[in-house]
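Peer 1:
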Amino acid sequence: MSIDKEIFSKQLGINIAKYRQALGLTQEQLAEKLDLGNEAISRIERGVAIPSLMRLFEFSKVFHCNVADLLSEGTTKKDDIEYIALLLKDLSENDRQFTIRMLEQLVVHLRTKP
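So the sequence shown is numbered by the numbering used here: it starts at 10 and just counts up by one.
If you want it as structure tokens, here you go:
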């Protein structure tokens, strides 16, 4: 695999894993939705295999996103919000509120930093 292709496949895999996790799906659950084996999802997420264009459309349908979102290198604000929500999801109410207050203080600190 060429370096460019390897970088592309790894980024695609990272993006697919992020979308899957944001929906709270396991690799097995995603595999069932796409009529694939668990190993296929694992290989795609690790960047070992690159899905076909048609398969990318199937992923985007499950994830409720555009194919371009799966192919992009950066994250969007929506991705960041979903990731933070995922991190907070299983915390108790007290721990969630504590984490939010800490995040607010961190943001204030970073905004005032020269």
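Even for Gly, the Cβ is constructed at its ideal location relative to N, Cα and C.
(1) Could you spell out where the alpha helix (DSSP H) holding glutamate 41 opens and where it closes?
(2) What would DSSP say about leucine 100, mapped onto helix, strand or coil?
(3) Do glutamine 36 and asparagine 47 come within 8 Å of each other at the CB atom, strictly closer than that value?
(4) Can you confirm whether the region 47-56 touches the region 113-122 when touching is taken to mean that 3 or more C-beta pairs between the two stretches lie within less than 8 Å?
(5) From what residue to what residue does the alpha helix (DSSP H) around asparagine 47 run?
Peer 2: This is what the structure gives:
(1) Counted as a single uninterrupted DSSP element, the alpha helix (DSSP H) harbouring glutamate 41 occupies residues 36-43.
(2) DSSP places leucine 100 outside both helix and strand once states are collapsed to three, so it counts as coil.
(3) In this structure, asparagine 47 lies near glutamine 36, with their beta-carbon atoms less than 8 Å apart.
(4) no
(5) In the DSSP annotation of this structure, the continuous segment of the alpha helix (DSSP H) that includes asparagine 47 starts and ends at 47-54.
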